[in-house]
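Undergrad:
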Amino acid sequence: MLGPASAAPGAPRGGVRPERGARARSRRRRRLRAVMFLVLITQSGPEWDASKTMEEQSDWDAHATFMDNLVDEGFLVLGGPLTNRRTAHAIEAESEEAIRATFARDPWSKTHLEIASIEPWTIRLDGRSVQPA
4 MLGPASAAPG APRGGVRPER GARARSRRRR RLRAVMFLVL ITQSGPEWDA
54 SKTMEEQSDW DAHATFMDNL VDEGFLVLGG PLTNRRTAHA IEAESEEAIR
104 ATFARDPWSK THLEIASIEP WTIRLDGRSV QPA
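Here the sequence shown is numbered in the working numbering, starting from 4 and rising by one per residue.
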């Protein structure tokens, strides 16, 4: 019987194989790097028609173009609808005031969407860039 000192190189010790290679290094880097976003939660405004889909709301095209531009500029990172006529957006901005000023220009501002809250969000885990094994 072979003892621990004579185990084959790279064989698991104690039943656990140490992480190696690019994937392990990437995982360790992700743990060390925290990314800060501000999360904007909006709710439907007074002109929101609950009988229509989002795309059927008045001024949809102008709002969609505005939001697409925010994504293109890197301001809006992730976003989409939640339940109960609310939306969530992860935003890369300097401050809450910058978010409020930017969304004040949205064609749906105060008509179809109202800001419910803006809160800091530190991302510590992000699997979007991980490639499957």
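Heads up, the beta-carbon is just placed ideally off N, CA and C, and yes, glycines get one too. This structure is a prediction, so every number in the text was calculated from the model and none was measured.
Cβ of Leu-41 within 8 Å of Cβ of Glu-99?
TA: Against the sequence shown, residue 41 aligns to sequence position 38. Against the sequence shown, residue 99 aligns to sequence position 96. The beta carbons of Leu-41 and Glu-99 sit closer together than 8 Å.
Undergrad: If Leu-73 and Leu-81 are in contact, beta carbons under 8 Å, what's the gap, nearest whole angstrom?
TA: Residue numbering aside, residue 73 sits at position 70 when the sequence shown is read from its first letter. Residue numbering aside, residue 81 sits at position 78 when the sequence shown is read from its first letter. The Cβ separation is near 11 Å, so there is no contact.
Undergrad: Would you tell me roughly how many angstroms separate the C-alpha atoms of Arg-103 and Thr-45, rounded to the nearest one?
TA: As a first step, residue 103 must be located in the sequence shown, where it is residue number 100. As a first step, residue 45 must be located in the sequence shown, where it is residue number 42. Approximately 11 Å, taken between the alpha carbons.
Undergrad: Looking only at its chain, what residues have a beta carbon closer than 7 Å to the beta carbon of Ser-120, apart from the 5 residues adjacent to it on each side?
TA: Looking up residue 120 in the sequence shown gives position 117. Excluding residues within five positions, the ones whose Cβ falls inside 7 Å are Ile-44.
Undergrad: Taking 7 Å as the cut-off, is the CB of Lys-113 close to at least one heavy atom of the ligand NAD?
TA: Looking for the ligand NAD in the displayed structure turns up nothing, as the structure carries no ligands at all.
Undergrad: Tell me whether Ser-47 is buried or exposed, calling it buried when 16 or more other Cβ atoms sit within 10 Å of its Cβ.
TA: Position 44 of the sequence shown, counted from the first residue, corresponds to residue 47. In the assembly as shown, Ser-47 is a buried residue. Its beta-carbon has 16 or more other beta-carbons within 10 Å.
Undergrad: Identify which residue in Gly-130, Pro-110, Leu-128, Arg-127 has its Cα closest to the Cα of Phe-69.
TA: Translated into the one-based positions of the sequence shown, residue 69 becomes position 66. Phe-69 has its Cα closest to that of Pro-110, out of Gly-130, Pro-110, Leu-128, Arg-127.
Undergrad: The alpha helix (DSSP H) with Thr-114 in it runs from where to where?
TA: Residue 114 sits at position 111 when you count from the first residue of the sequence shown. No residue range can be given for Thr-114, since it is assigned to no alpha helix (DSSP H) and is classified by DSSP as neither H nor E.
Undergrad: Please state if the CB of Thr-125 and the CB of Met-39 are separated by a distance shorter than 8 Å.
TA: Mapped onto the sequence shown, residue 39 falls at position 36. Mapped onto the sequence shown, residue 125 falls at position 122. Taking 8 Å as the Cβ cut-off, Met-39 and Thr-125 qualify as a contacting pair.
Undergrad: I'd like to check one pair, Arg-88 with Trp-63: are the Cβ atoms closer than 8 Å?
TA: As a first step, residue 63 must be located in the sequence shown, where it is residue number 60. As a first step, residue 88 must be located in the sequence shown, where it is residue number 85. Going by C-beta atoms, Trp-63 is not nearer than 8 Å to Arg-88.
Undergrad: Who are the Cβ neighbours of Ser-112 in its own chain at under 7 Å, not counting the five residues just before and after it?
TA: Your numbering for residue 112 matches position 109 in the sequence shown. So the qualifying residues of the chain are Phe-106.
Undergrad: Using C-beta distances below 8 Å, list every residue in its chain close to Ala-96, excluding the 5 sequence neighbours before and after it, in chain order.
TA: Position 93 of the sequence shown, counting from 1, holds the residue named residue 96. Cβ neighbours of Ala-96 beyond the five flanking positions: Leu-41, Phe-78, Ile-102, Thr-105.
Undergrad: Would you list the residues sitting across from His-92 in a DSSP beta bridge?
TA: Taking the sequence shown and counting its residues from 1, one reaches residue 92 at position 89. Among the bridge pairs identified by DSSP, His-92 is matched with Leu-43, Gly-82.
Undergrad: Can you list, in chain order, the residues of its chain with a C-beta nearer than 6 Å to that of Leu-116? Leave out the 5 residues immediately preceding and following it.
TA: Residue mapping note: residue 116 aligns to position 113 of the sequence shown, counting from 1. Thr-45, Gly-48, listed in sequence order.
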